[in-house]
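Asks: Counted the way the working numbering counts, the sequence shown spans residues 9 to 154.
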Amino acid sequence: MDRRKFLTTSCTGACVALGSGFIMSALLSACKTPLGVIKANSSNNHVTIPLAEFALADYKLVRVNNYNYDLAVQKRADGTFHVLVLKCTHAAQPLTKTGNSYYCTLHGSQFSKTGEVMKGPAEKHLIELPTILTEKDLTIKLDMTI
Ligand code: FES
């Protein structure tokens with residue numbers, strides 16, 4: 009094999025290997041659950057989260073299996089919880105968390121972290137869900153009509 013052919017073959021192989029590794033790494037990191045996100049299953053229209061999940065952070069995004077929207081769960085200073093459905097009240101688009109607020113990518117509505125409309129066209133506050141607090145768990149009663 010001449011020098012030119014050897015270099016071409018070697019570089020192509022190395023580039024493919026590096027590219028594959030980079031792509032695999034990106035794919036694997038995309039599959040991980042991001043920090044601050046809890047994946048949960050519902051049972052009888054309820055989802056239960058261990059309070060230990062809030063030991064280090066007062067805020068979690070909860071992604072419930074077979075539920076159309078993420079839940080924003082905020083632990084208050086008094087130990088109670090505030091749960092919002094991240095569904096835009098204008099036309100039902102899932103919301104995106106942006107810093108201290110939630111943004112609707114469809115028409116641009118913005119909601120505060122407590123669910124109030126900061127910018128329209130949405131006019132209604134985000135839907136809040138009732139919670140039941142026990143010694144070890146937070147149970148959220150899901151609204152299945154959403
Ligand atoms: S659906 Fe969110 S602003 Fe229209």
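Glycine is no exception: its CB is placed at the ideal position from the N, C-alpha and C atoms.
Is Ala99 near the ligand FES, judged by its Cβ being under 6 Å from some heavy atom?
Replies: Reading the sequence shown from its first residue, position 91 is the one you call residue 99. Checking every heavy atom of the ligand FES against the Cβ of Ala99, one is found closer than 6 Å.
Asks: Fully enclosed by the stretch 59 to 126, which beta strand (DSSP E) runs are 3 residues long or longer?
Replies: List check, beta strand (DSSP E) in window: 67 to 72, 79 to 83, 89 to 93, 104 to 106, 109 to 111, 118 to 120.
Asks: Check whether the stretch 103 to 112 touches the stretch 136 to 152, counting contact only when three or more Cβ pairs, one atom from each stretch, lie closer than 8 Å.
Replies: As far as the Cβ criterion goes, the stretch 103 to 112 does not touch the stretch 136 to 152, which means the pair count is below three.
Asks: Taking 6 Å as the limit between beta carbons, can you name the residues of its chain near Gln82, skipping five residues before and five after?
Replies: The count along the sequence shown starts at 1 and reaches residue 82 at position 74. Correct list, in chain order: Tyr67, His90.
Asks: Can we count Ala80 as close to the ligand FES, meaning its CB is less than 6 Å from some heavy atom?
Replies: Taking the first residue of the sequence shown as 1, we reach residue 80 at position 72. Answer for Ala80: no, Cβ out of range of the ligand FES.
Asks: Classify Thr88 as buried or exposed, calling it buried when 16 or more other Cβ atoms lie within 10 Å of its own Cβ.
Replies: Within the sequence shown, residue 88 is the residue found at index 80, counting from 1. Classification of Thr88: exposed, given that the 10 Å Cβ count is below 16.
Asks: Enumerate in chain order the residues of its own chain whose CB-to-CB distance from Pro102 is below 8 Å, with the five nearest sequence positions on each side excluded.
Replies: Walking along the sequence shown from the start, residue 102 turns up at place 94. Correct list, in chain order: Asn76, Tyr77, Asp78, Leu94, Lys95, Cys96.
Asks: State yes or no: is the C-beta of His115 nearer than 6 Å to some heavy atom of the ligand FES?
Replies: Here residue 115 refers to the residue found at position 107 when the sequence shown is read from its first residue. True, at least one ligand heavy atom lies under 6 Å from that Cβ.
Asks: So, under 8 Å CB-CB, Ala130 and Ser117 are touching, yes? Tell me the CB distance rounded to an integer number of Å.
Replies: Position 122 of the sequence shown holds residue 130. Position 109 of the sequence shown holds residue 117. Indeed they touch by this definition, with Cβ atoms about 4 Å apart.
Asks: Where does Lys144 sit, in a helix, a strand or coil, going by DSSP?
Replies: The residue given as residue 144 occupies position 136 in the sequence shown. Three-state DSSP puts Lys144 in coil, outside helix and strand.
Asks: Output the boundary residues of the beta strand (DSSP E) element that contains Ile46.
Replies: To locate residue 46, count along the sequence shown from 1; it is residue 38. It spans 45 to 48 - the beta strand (DSSP E) in which Ile46 sits, taken as one unbroken run.
Asks: Measuring only the C-alpha atoms, how far is Ile46 from His98?
Replies: The residue given as residue 46 occupies position 38 in the sequence shown. The residue given as residue 98 occupies position 90 in the sequence shown. So the two alpha carbons sit approximately 26 Å from each other.
Asks: Tell me which residues share the same chain as Asn49 and place their Cβ nearer than 6 Å to its Cβ, disregarding the 5 neighbours each side in the sequence.
Replies: As a first step, residue 49 is located in the sequence shown; it is residue number 41 there, counting from the start. Here the set comprises Asn73.
Asks: Since Glu124 and His133 should fall inside the 8 Å C-beta cutoff, what is the C-beta to C-beta distance between them, to a whole number of angstroms?
Replies: Taking the first residue of the sequence shown as position 1, residue 124 is located at position 116. Taking the first residue of the sequence shown as position 1, residue 133 is located at position 125. With 8 Å as the limit, Glu124 and His133 qualify as a contact, their Cβ atoms being about 6 Å apart.
Asks: With DSSP as the reference, identify every bridge partner of Leu137, one or two as the case may be.
Replies: Along the sequence shown, read from residue 1 onward, the residue named residue 137 stands at position 129. DSSP, once it has assigned bridges, lists Val91 as partnering Leu137.
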